[in-house]
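Residue numbers (this note's numbering): 1417 to 1511.
Ideal Cβ placement from N, Cα and C applies to all residues, glycine included.
The structure displayed is predicted, hence computed values, not measured ones.
Encoded as structure tokens, the structure appears first; notes follow it.
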Amino acid sequence: MVAAAAKNLGKMPCPHCGEPVAVKETASGILKYACQDAECEAEAFARPHTVAARKWRALVGAKAPAPAAPKQEPAPAPAPAPAKKPATPFSMLGL
Ligand SMILES: [Zn+2]
């Protein structure tokens, strides 16, 4: 009997140690990885359509951390400061 070949989806950082781990998809759609780091050796699997599986797929899909273009938010026009005397303890008390 031949074990169903798991499809190699790519690598993601090990959630435990950060080393790259190969994520594989089994014939039944379950994602799994086994960390090869000698001081980690974490193993996990994620059933299809779980949040974990979605996260792993997203991590694997991100080959290299693409430099996200910084959002250009229009700087709010500085409102002209009203000519006002600085608040003093006395003015705060209405004196
Ligand atoms: Zn690890």
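Query                                                                                                                   : Result
Along the beta strand (DSSP E) that carries K1448, what are the first and last residues, could you check?               : L1447 to A1450
Which value, in whole angstroms, describes the spacing of the CA atoms of A1462 and A1454?                              : 22 Å
Taking its Cβ as the centre, do 16 or more other Cβ atoms sit within 10 Å of C1433, making it buried, or is it exposed? : exposed
Let me know the secondary structure DSSP gives G1426 once reduced to three states.                                      : strand
Tell me the rounded alpha-carbon separation between H1465 and A1474.                                                    : 13 Å
In angstroms, rounded to a whole number, what distance separates the CA positions of C1430 and K1440?                   : 13 Å
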